[in-house]
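Please read the structure below before turning to the comments.
Protein chains: 2
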Amino acid sequence: MSKPLDYENLNKNIKKCQYAVRGELYLRASELQKEGKKIIFTNVGNPHALGQKPLTFPRQVIALCQAPFLLDDPNVGLVFPADAIARAKHYLTLASGGLGAYSDSRGVPGIRKDVADFIERRDGYPSDPELIFLTDGASKGVMQMLNAVINGASDGILVPVPQYPLYSATIALLGGSLVPYYLEETANWGLDIVNLRQSVAQARSQGITVRAMVIINPGNPTGQCLSVANLREVLNFCYQNNLALLADEVYQQNIYQDERPFISARKVLMDMGSPISKELQLVSFHTISKGYWGECGQRGGYFEMTNISPKAVEEIYKVASISLSPNVPAQILMGIMVNPPKPGDISYDRYARESKGVLESLRKRAQLMTDGFNSCRNVVCNFTEGAMYSFPQLRLPPKAVEAANKAGKVPDVFYCLKLLEATGISTVPGSGFGQKDGVFHLRTTILPAEEDMPAIMDSFKKFNDEFMEQYEDHKGYSRM
Amino acid sequence: MSKPLDYENLNKNIKKCQYAVRGELYLRASELQKEGKKIIFTNVGNPHALGQKPLTFPRQVIALCQAPFLLDDPNVGLVFPADAIARAKHYLTLASGGLGAYSDSRGVPGIRKDVADFIERRDGYPSDPELIFLTDGASKGVMQMLNAVINGASDGILVPVPQYPLYSATIALLGGSLVPYYLEETANWGLDIVNLRQSVAQARSQGITVRAMVIINPGNPTGQCLSVANLREVLNFCYQNNLALLADEVYQQNIYQDERPFISARKVLMDMGSPISKELQLVSFHTISKGYWGECGQRGGYFEMTNISPKAVEEIYKVASISLSPNVPAQILMGIMVNPPKPGDISYDRYARESKGVLESLRKRAQLMTDGFNSCRNVVCNFTEGAMYSFPQLRLPPKAVEAANKAGKVPDVFYCLKLLEATGISTVPGSGFGQKDGVFHLRTTILPAEEDMPAIMDSFKKFNDEFMEQYEDHKGYSRM
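Going down the list, the sequences are from chains A and B.
Residue 320 in this note's numbering sits at position 320 of the first sequence, with consecutive numbering throughout.
Residue 832 in this note's numbering sits at position 352 of the second sequence, with consecutive numbering throughout.
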C-alpha cells in the first residue's frame, strides 16, 4: 500500500509545477561540480556567488546589530566607523528585542516608515507604511499576493512569456490558471497591448476570470525597460478589465542605458490622476537581492499595496502572522538600502564608490555579453537594457531539433546540456521561461566577473560554432 | 463592481483561517501600547522581546560572517575571541559566496551534515544529510510538509487539541481538514490512544482520508513531555493507520523536570526496529527560535525526513527551490546550535554558563507561574514540564459566561481582554488553541524576566480575584 508521503500521494499541484532555474540543468551542473568540473553558475541571479563583494557599510551595521555587546566595547571604534555604530544603535532601538526577537509580522514599523519615505522620494507621491509589508525576499511577497488572489482553477493571472518561472510555478502550486501574454522579441521584448487583449479574450472564452496581471520591469529574463507610454497602456488595460497589477520591480536599480530609465508603475499611476489613481489595485515588489547590493542569501524584500482596503490588508496581515515575522536582519538591511549614507557621512564616499563600481561593471558586462552572443552564428540577442540577464535566441538547425527529439529532450535543453558539458557554463533553457513555438533561447546572467567575460564568451562561441557545424545542413534554420 | 483584491474576492481559505497568537488580543494590546500603556507581551514565545540576552558566541560568529573584511583586520582579535574567528572562516568556506549568496535550496550542504551529526549524537542512530532541509524557521518547514500532504478537503490531519494554531491555520489555508484529538487535561495533558482511534473513525465516517498526525512534544500550549511508552503507542498507531507522523520537537531543549526527559520520536522509532523503523514516514522539526537560544527573529530551522523516498524528496526540493533558499545567516546559526563550543574551546565556559543560566531561570519561572496560577481562585494549572507556556484552566462562573455572551465574545476572550485592560498582560485565550466545550483557558509564556514574575503573578491574582468577585454567584462554576 502506498504511504502518505510517497510520490503518488503527494499534492498534485506540487507535481505539476516546474522551476527551471533550479531544474534539470542546475541539477546536472551540481553533479558535474561534485565530480570536480569547474562550473560557471549563470543560471540564477546570484551575484555574490560569482565573486561580487558585499557593500561595506550595510555589512558593518548588521554585524554590529548582531553583536550589540560590541557597542559598549572600548575598541569598537578601531574596527567600525562611527556612522555604522550610530546606525546600529538606531536599528536596535527600532527593533526592540534586537535581531533575536520576532518583529511585527509586517516588519519593524520604523523600517516600513523608511521604505515609505524612499518610495515618496523616488516617485514624488506619499506612501503609507501601513500598506508596506517586509518579506523574506521578494519571492515570498509574490507568493503571498498570488495566494490572496487565487481561489481555484477558474482564476487566471496574466503572465508575460517569456517570464521568470516563480510566477508559473507559484500559480501551479496554488491551483490557479496562468494566462500567457507574449512579449515581442523583434520589438526589443516590448509589451504589445493587442496581445494582452487577445490573451484575456481567449482566457474568458475558456471560463477563466482573469484577476491580475504581472509585469516584470526591468524584464526577467528579457532585460527590457518599459516606457512610460507602455506602462500607461498597461495601467489603463488593467483598469478597463478590472485586474490588479502585480509589478515585479526588483531590478529597478539595474539599468544599463540612459534612454529608458526605470520608472515605477506607481509613479505612472499617480501621474495619471483620478479616477484610475484612486481605484486601480497595484502591488509592487522590491528586494535587497538585486541592484548593486545583490544580498540574495539574506532574504529581504518588501511589497507596497496601493488602493487595497484595510479589510483586505488585514487578511493579508493575518496570513503573514502565521509565519510570525520575516527575518529581522534582512529587514534592517532593507532599511539601510532605502536610506543609505548621505553626502557628508563618514561612510558616504566608500558606499557611493562601491555602488557605482558594481553598476558600471554590470553595464560593461551587459554590453560584452550582448556583443558576444551577436557575434556567434545563428544567435541573435537583444541588448540587456536592465536587470541581470541575457536572453539570446538560438536558431537551431532542423538536424539539431531532430537530434534533440531523438534524445527525448526539448531542443534548447539539448543545446544547454551540451553547452554545460563542453564549457561548464550553466544556463537555463528558454523553454523554462516560455517562448513561441519553434523558437529557442537560453538565459544567462551577466554576472560573471568582468575580467572573466571575454574568456567565457570565447568558450561559448567555440562551442556554438562546433554545435552548429555538427548539425547545420546549410539549407535552413528554425524559424524566427 | 468589486475588485480582485477586495475582501469579498480574496481566497476563501485565507478568510477562513485563524491565528489567535496574533489575533484580537494581540491587536488590542498593540493599540494599548501605542496609547502609552505598558504591555507585557506573553502572547508569543519570543524570549528576546522580554529581555533574554542572545548567547554571545553565536552572535560573534555571525557578526564576523556578516563582516568578512574584519577577518583581515589586525585589530579583530581585540574584539573577537580566536575560536569565533576560526568558526566564521569555517562557515565562509562552507557557504561559498558568503551570506549574500543564495545557498542550495535545501540549505548549505556542510551545515546539513552538521545537523545530521547532531541527530546521530542525540539519538544514537545515523542520520542522512540528504533528508535534512534547512528552513526559515520551523513554521516554514511545517507549512512545506502540510502542503505536500494535503490535496484537498478530503485529506485530514490529526492535530492535538489544544494545539499551536500554526497547524489549524495552515490546514485551513491549504484547504485540508483538521481532525482533532483531545489531550487529557486531568492526566497532565497526556495523549490517550483511545481518543485517537475515535477521532480517526469519526473522520473516516465523514469521508476523510486521514494522512498524517501531528504531535507537539514538549507540548504547546500544554507543556507536557511525552513518555517513551506514549510515543511507542503513537508510532504504532500511525503505522497501523498508514499515517505519516509530523513531530514538532522545537522545544526539545526546554525541559523543566527530570522524570521525563525529551526523547525524540525518531529515536523511539529506531529503537522499535524493523519493520516499523524502516517503513513509518516521520518528519521532525527543530528551530533556533526556542531552547536557550530563543533566536526567533533570525528565522532558522530544519526538518528531517525518515522513510521518505528519493522521488518524493525531489518534489519537496523542487518546491523549496521556488523560494531559492532559506536565509543564510540563520543557517549558520543553526550550524552553531548543533555544534556548539566544546570543553577546552576558548568560548566554551561562557557558552555553557549562559545556556545554563537561561534554562535554570526558565525552570524557576515555570514553577513560579504554575504555583501562582494554582494559588488563584477558580484557576487550576498543570505544571509546565517543558516548552515555554503555562495553560491554566479558568473556571468561569455562569454570570461571567453570560456577560461574555452579551458582549458577543467567547468567554475566555472576554476574560483575557479584561485582564489585558486591567494589567497590561497580553495572553491568548484558550479558544485560540481549541478546548473541550464549556472549558476555558488562557495561554501565557513563562518568559517574563524572573525578577518580574512575582509582581506579574500578583497583578494577575488581584485581577482574577476582582473578576471572580464580580461574576461569582457562589452557586456553581463552569464544568471542568
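All residues carry an ideal CB built from backbone N, CA and C; glycine is no exception.
None of these values were measured; they are calculated from a predicted model.
Since residue i is in the beta strand (DSSP E), which residue starts that stretch and which ends it?
i	result
Gly297(A)	It is not in any beta strand (DSSP E) - Gly297(A) carries neither H nor E in the DSSP assignment.
Ala724(B)	Ala724 to Asp728
Thr56(A)	Not the beta strand (DSSP E): Thr56(A) falls in the alpha helix (DSSP H), residues Thr56 to Gln66.
Arg22(A)	Element bounds for Arg22(A): n/a, residue is neither H nor E.
Thr423(A)	Where Thr423(A) is concerned, there is no enclosing beta strand (DSSP E), although the alpha helix (DSSP H) it sits in stretches over Pro411 to Thr423.
Arg443(A)	Phe440 to Thr445
Tyr731(B)	Neither: Tyr731(B) is in no beta strand (DSSP E) and is coded neither H nor E.
If you reduce the DSSP assignment to three classes, tell me which class residue i lands in.
i	result
Gly386(A)	strand
Thr650(B)	helix
Asp829(B)	helix
Gly670(B)	strand
Gln163(A)	coil
Leu874(B)	strand
Gly636(B)	strand
Thr135(A)	strand
Phe943(B)	helix
Say the cut is 7 angstroms; is the CB of residue i nearer than that to a heavy atom of the ligand PLP?
i	result
Ala846(B)	Summarising the ligand content, the structure contains no ligands, and the ligand PLP is consequently not present.
Leaving aside the five residues before and after residue i along the sequence, list all residues of the same chain whose C-beta is less than 7 angstroms from its C-beta, in chain order.
i	result
Ala172(A)	Asn13, Lys16 and Cys17
Ser227(A)	Arg260
Leu572(B)	Cys545, Pro548 and Gly578
Ala771(B)	Just to set this straight, residue 771(B) is Gly in the shown sequence, not Ala. If we look at Gly771(B) and ignore the five residues flanking it on each side, its Cβ neighbours are Gln733 and Asn734.
Phe560(B)	Gln540 and Leu544
Ser764(B)	Ala727, Glu729, Ser744, Ala745, Arg746, Phe783 and Glu784
How far does the alpha helix (DSSP H) with residue i in it reach, from first residue to last?
i	result
Ile695(B)	Not the alpha helix (DSSP H): Ile695(B) falls in the beta strand (DSSP E), residues Thr689 to Ile696.
Val588(B)	Looking at the DSSP string, Val588(B) is not in any alpha helix (DSSP H), and its letter there is neither H nor E.
Tyr91(A)	Ala82 to Leu94
Tyr239(A)	Val228 to Gln240
Ala78(A)	The question names Ala, but residue 78(A) in the sequence shown is Leu. Looking at the DSSP string, the run of the alpha helix (DSSP H) that includes Leu78(A) is Val76 to Val79.
Taking Cβ positions only, does residue i come closer than 8 angstroms to chain A?
i	result
Pro534(B)	yes
Leu900(B)	no
Val818(B)	no
Thr650(B)	yes
Tyr499(B)	yes
Tyr647(B)	no
Val559(B)	yes
Val799(B)	yes
Asp932(B)	no
Ile802(B)	yes
Asn722(B)	yes
In chain A, what lies closer than 7 angstroms to residue i by C-beta?
i	result
Glu775(B)	Gly100
Ser805(B)	Gly297
Interface residues of chain B around residue i at Cβ under 7 angstroms?
i	result
Leu131(A)	Per Cβ cutoff of 7 angstroms: no residues; Leu131(A) is ~12 angstroms from chain B at best.
Ile62(A)	Gln546
Lys290(A)	Going along chain B, no residue has its Cβ under 7 angstroms from Lys290(A), so there is no contact; the nearest lies around 12 angstroms.
Just to confirm my understanding: we take residue i, look at its own chain, exclude 5 residues before and 5 after, and list those with CB closer than 6 angstroms. What are they?
i	result
Met960(B)	The predicted position of Met960(B) is uncertain, since its pLDDT is 44 and thus under 50; a value taken from the coordinates is nonetheless stated next. Cβ within range, chain order: n/a, list empty.
Tyr499(B)	Pro645 and Ala649
Tyr251(A)	Pro218, Lys290, Gly386 and Ala387
Val588(B)	Leu574, Ala575 and Gln811
Arg112(A)	Pro129 and Ile132
Glu184(A)	Gly190 and Asp192
Gly590(B)	Leu574
If we cut at 8 angstroms on Cβ distances, does residue i have a partner in chain B?
i	result
His48(A)	yes
Pro341(A)	no
Gly97(A)	yes
Leu499(A)	Nothing can be reported for residue 499(A): it is not among the residues displayed for chain A, which extend from 1 to 480.
Lys113(A)	no
Ser177(A)	no
Met369(A)	no
Asn272(A)	The question names Asn, but residue 272(A) is Met in the sequence shown. With 8 angstroms as the cut-off, Met272(A) does not count as an interface residue toward chain B.
Ser347(A)	no
Take residue i and list the residues in its own chain whose beta-carbon comes closer than 8 angstroms to its own, dropping the five residues that flank it on each side.
i	result
Arg353(A)	none
What in chain B is Cβ-close to residue i, meaning under 8 angstroms?
i	result
Phe7(A)	The sequence as given places Tyr at residue 7(A); Phe does not occur at that position. The answer, in chain order, is Ser789, Lys791, Ala792 and Glu795.
Which residues in chain A sit within 9 angstroms of residue i, going by Cβ to Cβ distance?
i	result
Asn627(B)	Asn11, Asn13, Ile14 and Leu173
Phe765(B)	Under the 9 angstroms cutoff, chain A gives no residues; its nearest Cβ is about 14 angstroms from Phe765(B).
Under 9 angstroms Cβ-Cβ, which residues of chain B neighbour residue i?
i	result
Val328(A)	Cys776, Gly777, Gln778 and Arg779
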